[in-house]
Structure formats: structure tokens, C-alpha cells
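Encoded as C-alpha cells, the structure appears first; notes follow it.
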Amino acid sequence: MTDVLRAPKGTFDTLPPDSERFLAVRDALVAPLRRAGYGYVETPVFEETAVFSRGVGESTDVVTKEMYTFDDRGGRSLTLRPELTAGLVRAFIEHRLHTGALPVKLWTVGSAFRYERPQAGRYRHFTQVDMEALGVDDPALDAEVVALGVQGFRDLGLTDFELLLTSLGDATCRPQYRELLVEYLAELDLDDDTRRRAEINPLRVLDDKRPEVQAQLDDAPLMVDHLSDSTRAHYDAVRQHLTDLGVTWSEAPKLVRGLDYYTKTTFEFVHHGLGSQSAIGGGGRYDGLSAALGGPDVSGIGYAVGVDRTLLAVQAEGLDVVARTGVQVFVVHLGAEAKRVAVRLVGRLRQAGVAADTVYGDRGLKGAMKAADRSGASHAVVIGERDLADGVGQLKDLRSGEQRAVPVGELFETVRATVGG
Ligand code: AMP
-3 MTDVLRAPKG TFDTLPPDSE RFLAVRDALV APLRRAGYGY VETPVFEETA VFSRGVGEST
57 DVVTKEMYTF DDRGGRSLTL RPELTAGLVR AFIEHRLHTG ALPVKLWTVG SAFRYERPQA
117 GRYRHFTQVD MEALGVDDPA LDAEVVALGV QGFRDLGLTD FELLLTSLGD ATCRPQYREL
177 LVEYLAELDL DDDTRRRAEI NPLRVLDDKR PEVQAQLDDA PLMVDHLSDS TRAHYDAVRQ
237 HLTDLGVTWS EAPKLVRGLD YYTKTTFEFV HHGLGSQSAI GGGGRYDGLS AALGGPDVSG
297 IGYAVGVDRT LLAVQAEGLD VVARTGVQVF VVHLGAEAKR VAVRLVGRLR QAGVAADTVY
357 GDRGLKGAMK AADRSGASHA VVIGERDLAD GVGQLKDLRS GEQRAVPVGE LFETVRATVG
417 G
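Sequential numbering of the sequence shown, starting at -3, is according to our numbering.
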């Protein structure tokens, strides 16, 4: 006997009915973007490796340890996307979207792949909703982006989440700050690995979760205290607009994101019901990314939200996000003649836009009624042999249990009027 094949380590299948919740979460996260004028972009799930090594940052964990990189049969180095921003910006550059009206507002959704150590909320294949606004450096746009992220979570009914916000400065003030931080970190008692990180990417050390490291960082210099006048003014304006938009946040001066190229406004959404993998989304302004990918030197801001983790957050808060089940009406039949009537009725209902289903494989009335209940439909049509002899079918409200006889010729119209569609 051959072994049963399983989904690869760190991946999983999402089956009905959970998959309905997944779709509901995904769609709720996307809806505010469509309402705000963002346009959908579809990009490949793999890109030339350089898109990520340059677009995510050579020194990041994602690029050094987590990418699924392979040579194709033509000898090209390709990588399964570990995130969606770099591909979107690559498409923005390739299609010269910056020559049109600005800002260019884009969104996408789909799979991302990272070779990470799997645990609850951390997978090797996961789904992100990603949005970007490119070509305009305006604090009001930063506020729009952040507020749209908040809106998606609110629309799902989530309340136990928090927006962490800070500014990472820009090329005019970060280099000086970086030096200050390097000097500070050099005096600390750190292991070799962390010391090396302190040299390559000192800001990352601030985000180190280990208590023995955090304990030494109480007096560390913070970027927000060393912003240039213009980046400070930008940050103040972002906060003003967020207040006007009714968004609340927590200042997080030690927030550092996993990807390079972030400048100025930087943020993360965390959910308090998720344990250690608490980030449900994050993003920020990345004014150097387009240029790093060989494009025009234009600014950009955006975020990525994890659909899988947001679904975990929805479950942690016990929210029912599936507004309506797939099937509205389930048709049960007994006998060959009734089956023809049923199949025809289901076909007509579906053509009219009513979500309808029926039983296949003859399983008797009991099994068929069980299938009707399981389908989640609000109504069942039961067509038995005796009913059919009388020229009727029974329309049953599965919630109240009430049922009434409807002439066969009127079933279609009656069902349609009852369940809508
Ligand atoms: P990042 O691109 O790392 O900023 O991630 C953005 C969001 O994607 C995070 O806040 C998570 O919600 C989600 N995410 C990132 N990595 C994973 C992963 N390995 N498994 C599941 N979700 C993830």
C-alpha cells in the first residue's frame, strides 16, 4: 500500500464550512479598498529572485532564510513570492503607471510563501491582502491607508485589536540616528548573533522580543526623538488626519518592520487574542522601494494583512462572519418522477440566481432531510410520490418547521419569491 499523501509541512487545506469564513474574511478586508478607489492587480505568484532580494532587502530574514528559490528549466532564478508588495511595485514600474494620474492606488490578494518554523498562526503558505498607494507623498494619504486597514477589521466586528504607529524617519535623519543607536548597542551585553545584527541592521535589535535584550534597551535612543523637521511635520500631520478620521492608535517608538525600505510612517495591527503571532497586518511608507527596483524615484505607502491570522482573530472573538450560507433552498425528492421535477426546479432556480442544491445518489427521505439541514439552507422543497400524484410539493421553512403545499407548476415562482434572488 502506498503512503497517504499529505499537504506539505507548514501548509493546510481549508475545507467547507471553514472555507466560507475564510472567504468572508478575505472579502471584508478587500471591500474598503474597492470603495476607496483602489484597483485590482493580478501578478504572478513567482517573480525573478531579484524582485525580492532588492525589493524586500538583502539583509532581511525573509530574503536570507525564508524564500522558496529555484532555477527553472531555462536556468532563471525564480522565487515564490514571500510577500506581495515587491511584485506590485515591479508591475507598477514595468507598466509605467507613474505616467498616469497620481496617486496610483492598487490592491491584490493571494498566496505568499515563506520557509518559516510552523506554529499556530505562522505557516509556509498563507494569504495576504495587500494594498499600495504610489506616487504621492502626502500625510493625508498615509492616514487614508491606515484608516482603510482599520475599517476592514471593524467591518468584521473585531474590537480586540490595536494599531501601533511610529515614524522611521527618512534619508535626511535616519543615518545620524543609526549611528547613535550603533554606539549605544556597542556598549551592551549581547550575544554574537545579536551583535552582528546590531552592525548590519541595528533597528532590528530594538524589536528583539527576548527579555534579557529588552531590559537593556530602556534608555536606547529612539528614532521619533531624532526626526528631522520635515519628517516630524509629516508625522504630526498623519496623526492629525487619523484623529479626524476617528482612528485611535498607540505610539510604538520601537516598532521595526521585517522588511527594509520603510521610511516615515510605519504601523502594525496586532490582535490580543492570538498569542505570540499577534500581528494581523502591517505596513508603512517606503519611499525608496520603486528606485531600488530600477523604477522612478516615487514614494509609496501600503500594507499587507494576513487573511489566515485575521480569521484566527475572528474566531478568538467568537464572531459569526458568514452572513449567508451558500445554499438558500434544498430540494428533496422521492421516486424517479419526483427526481426529474427536482432536478429541473434546481436548474431553473440556479439560472434565476437562487442558490439551490439537491440530493444525488438515492438515499431515502431521512438521509435527504439530513442533507437539507446540513446544507444551511433556510428552506427545503420536499417532493414525494404521493404529493406529486396530487400535483404539489411541500415548501418547508427549515427554521420554524412550518410547511405548506404548493402546486408543482408554481414551485419555481413561490420559492423565488420566498427566498429572494
Ligand atoms: P509582513 O509581510 O511580514 O509584514 O506580514 C504581513 C502580515 O502577513 C502579518 O501581519 C501576518 O498577518 C501575515 N503573515 C506574515 N507571515 C505569515 C506566516 N508565515 N503565516 C501566516 N501569516 C503570516
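Backbone N, C-alpha and C fix where the C-beta goes; we use that ideal spot for every residue, glycine too.
Closest option to F408, judged by alpha-carbon separation, among V350, D393, G360, A364: V350. In the three-state reduction of the DSSP assignment, D57 falls in the helix class. Contact annotation: the region 248 to 266 does not touch the region 96 to 111, with fewer than three C-beta pairs closer than 8 Å.
Sixteen is the threshold: when 16 or more other Cβ atoms of the shown chains lie within 10 Å of the Cβ of S371, as they do, the residue is buried. Under the three-state reduction of DSSP, A97 is assigned to coil, being neither helix nor strand. Here the alpha carbon of R77 sits roughly 8 Å from the alpha carbon of S107.
Cβ-Cβ distances below 6 Å link A367 to V355 in the same chain, with the five nearest sequence neighbours on each side left out; the list follows chain order. Between L384 and the set A364, G405, A182, the nearest pair of CA atoms involves G405.
Distance from the Cα of P249 is smallest, within the candidate group S163, A46, D204, for S163. Here DSSP, grouped into helix, strand and coil, assigns R118 to strand. Closest in alpha carbon position to L241, among A143, M365, V411, is A143. Within the same chain, Cβ atoms closer than 8 Å to the Cβ of V303 are found at F18, V21, R22, L25, V105, F122, T123, Q124, V125, the five residues on either side in sequence being excluded. Restricting attention to L74, H329, D283, Y231, the CA atom closest to the CA of V388 is found in H329. Annotation for R110 indicates a beta carbon within 6 Å of some heavy atom of ligand 1. Check the Cα spacing between T259 and each of H91, R31, D214, V294: the tightest is with V294. Within 6 Å of the C-beta of R118 there is at least one heavy atom belonging to ligand 1.
By the criterion of a C-beta distance shorter than 8 Å, V220 is surrounded in its chain by T162, S163, Y231, E247, P249, once the five residues flanking it on both sides are discounted. Taking C-alpha positions only, R281 is separated from A3 by approximately 36 Å. For G302, the uninterrupted beta strand (DSSP E) run begins and ends at 296 to 302, by DSSP.
The three-state secondary structure of S49, taken from DSSP, is helix.
Here the C-alpha atom of Y173 lies approximately 13 Å from the C-alpha atom of A194. Only residues of its own chain outside the window of five on either side were considered, and among them Y173, M219, H222, L223, S224, T227, T259, K260 have a CB closer than 8 Å to the CB of G165, listed in chain order. The Cβ-Cβ distance between L361 and A376 does not fall below 7 Å. Setting aside the 5 residues that flank it on each side, T60 has no residue in the same chain whose C-beta is closer than 6 Å to its C-beta. Less than 7 Å separates the beta-carbon of Q390 from that of A401. G296 is not a Cβ neighbour of L80, given a cutoff of 7 Å. Exposed is the label assigned to L1, since fewer than 16 other Cβ atoms lie within 10 Å of its Cβ. Bridge partners of V41 according to DSSP: none are assigned. Taking a C-beta distance under 7 Å as the contact criterion, T239 and I276 do not qualify as a contact pair. Taking 7 Å as the cut-off, the beta carbon of S272 is found no closer than this to the beta carbon of V266.
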